[in-house]
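Take a look at the structure set out below.
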Amino acid sequence: MNTLSSQIKKLEDDIAATEDDIAARTEELEKAEADAQDQYEMMKTRICYLYENGNPSMLAAFLEADSMADMINRVEYARQVSEYDQRMMQKLSDTMQDIKEQKEALEEEKQEQEDLLSEVQAQKQAVNKAMDAKTAEINSYQEQINSASGEQSEYEKQLNEQEKLLAQVENQIAAAAAAKAAASDGDGGSSGFMWPCPASHRITSTFGKRTAPVAGASTYHKGIDIGASSGSAIVAAASGRVTTSAYSSSAGNYVVISHGNGISTVYMHASARYVSEGDVVSKGQTIAAVGSTGFSTGPHLHFGVIVNGSYVNPLGYVN
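In my numbering, the protein residues as written are 1126 to 1444.
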């Protein structure tokens, strides 16, 4: 818009300069026309004089001469008058042609003037239209900002409620895992645990104290988040028995596996579950797919380790 405004200002200055040139050339044309008219009047006077007084021939001038010198003078005079008339006629013709050309040039300049004016007017209209559109867009954004500002506090309240609910569900999951676990579910991880998401080793949130990922989120994380593409395989970290395969509005699709000796692993926010409660799974078996179900900020696996009903740092078991 600033660029257009600068262009308009320059065009207006050019138009003003062109108008000054047109005015100056108009004065020159008027003077040239006046000079041509004067020349034309002189021609008429000469022609009228010759008509009224006759136009003696060279022979008459020769016969009436008093002497040879007088005859030569008369002949020279007649020749000069004739040449003068011819020069005047040519000058008049040239002047009129020059006037015609200047008039044509003036008309072209006037047309250019009109074209420039039309262009300026079109650009001004474009600027005004653009300004109106941008102003309307800004007003729309401002209304959205005002609306979002008004909704922010309510959104944060909802997040707080969600985090509280997720904490309750996690506690329930831990209690259920401890209650359902049996010593015979596995070797307690003595054969080792493997990374639960082969497609990604990128930890987006660690265990324990953290900065809330969104306003109102928990600042104590009971597992690790592994960022991965939606649909990536989630595998059992160790052999064991599925004690829970369910859906929760907060944890999303989740699976809990008991590995014996009071150790269980939790896999949350899956897009799909491939095992059911009571299934016996082997280490590395695909049990679910990465997703973003429940309270989630994007596709990831929330992986947790529960020992005797309490959450512990999963990185003590996998790396």
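Ideal placement from N, C-alpha and C gives every residue a C-beta, glycine not left out. All of these numbers come straight from a predicted model, not from anything done at the bench.
Buried/exposed call for residue i, threshold 16 Cβ in 10 Å
i            : result
residue 1268 : exposed
residue 1368 : buried
residue 1442 : buried
residue 1339 : Note that residue 1339 has pLDDT 49, beneath the 50 cutoff, so the model's placement of it is unreliable and the number below is only indicative. Exposed: under 16 other Cβ atoms inside 10 Å.
residue 1327 : exposed
residue 1347 : buried
residue 1261 : exposed
residue 1322 : buried
residue 1374 : exposed
residue 1159 : exposed
residue 1414 : buried
residue 1317 : exposed
residue 1370 : buried
residue 1405 : exposed
Closest residue to residue i among the options (Cα-Cα distance)
i            : options                   : result
residue 1131 : 1271, 1283, 1367 and 1248 : 1248
residue 1403 : 1366, 1276 and 1228       : 1366
residue 1212 : 1372, 1164 and 1143       : 1164
residue 1331 : 1439, 1239, 1209 and 1318 : 1439
residue 1294 : 1256, 1156, 1380 and 1270 : 1380
residue 1088 : 1304, 1285 and 1256       : Residue 1088 lies beyond the residue range present for the chain, which begins at 1126 and ends at 1444; the question has no answer from this structure.
residue 1315 : 1419, 1421, 1362 and 1266 : 1362
residue 1428 : 1382, 1401 and 1400       : 1382
residue 1391 : 1159, 1143, 1236 and 1436 : 1436
residue 1296 : 1250, 1228 and 1434       : 1434
residue 1227 : 1144, 1299, 1360 and 1157 : 1157
residue 1238 : 1302, 1170, 1265 and 1145 : 1145
residue 1372 : 1259, 1167, 1281 and 1420 : 1420
residue 1303 : 1142, 1234, 1430 and 1289 : 1430
Cβ shell of residue i (< 8 Å), same chain only, five flanking positions each side left out
i            : result
residue 1417 : 1355, 1377, 1394, 1396, 1423, 1424 and 1425
residue 1139 : 1241
residue 1231 : 1147, 1150, 1151 and 1154
residue 1245 : 1133, 1136, 1137 and 1140
residue 1333 : 1345, 1346 and 1438
Backbone secondary structure at residue i - three-state DSSP
i            : result
residue 1393 : strand
residue 1411 : strand
residue 1340 : Note on residue 1340: pLDDT 46, under 50, position unreliable in the model; the coordinate value appears next. Three-state result, residue 1340: coil.
residue 1436 : strand
residue 1127 : helix
residue 1423 : coil
residue 1444 : coil
residue 1462 : Here the chain covers residues 1126 to 1444 and nothing more, so residue 1462 does not appear.
residue 1400 : coil
residue 1243 : helix
residue 1274 : helix
Those residues which DSSP pairs with residue i across a bridge
i            : result
residue 1428 : 1349 and 1392
residue 1378 : 1372 and 1395
residue 1266 : Partner(s): none; residue 1266 has no beta bridge.
residue 1366 : 1383 and 1405
residue 1309 : None, per the DSSP bridge assignment.
residue 1358 : 1414
residue 1334 : 1345
residue 1328 : 1351
Spatial neighbours of residue i in its chain, beta-carbon cut-off 7 Å, leaving aside the 5 residues before and after
i            : result
residue 1432 : 1387 and 1388
residue 1308 : 1385 and 1386
residue 1272 : none
residue 1352 : 1325, 1327, 1329 and 1425
6 Å Cβ shell around residue i - same chain, five flanking residues per side excluded
i            : result
residue 1364 : 1311, 1407 and 1408
Cβ-heavy atom distance, residue i to the ligand ADP, below 7 Å
i            : result
residue 1439 : Absent from the structure shown: the ligand ADP. Ligands present: none.
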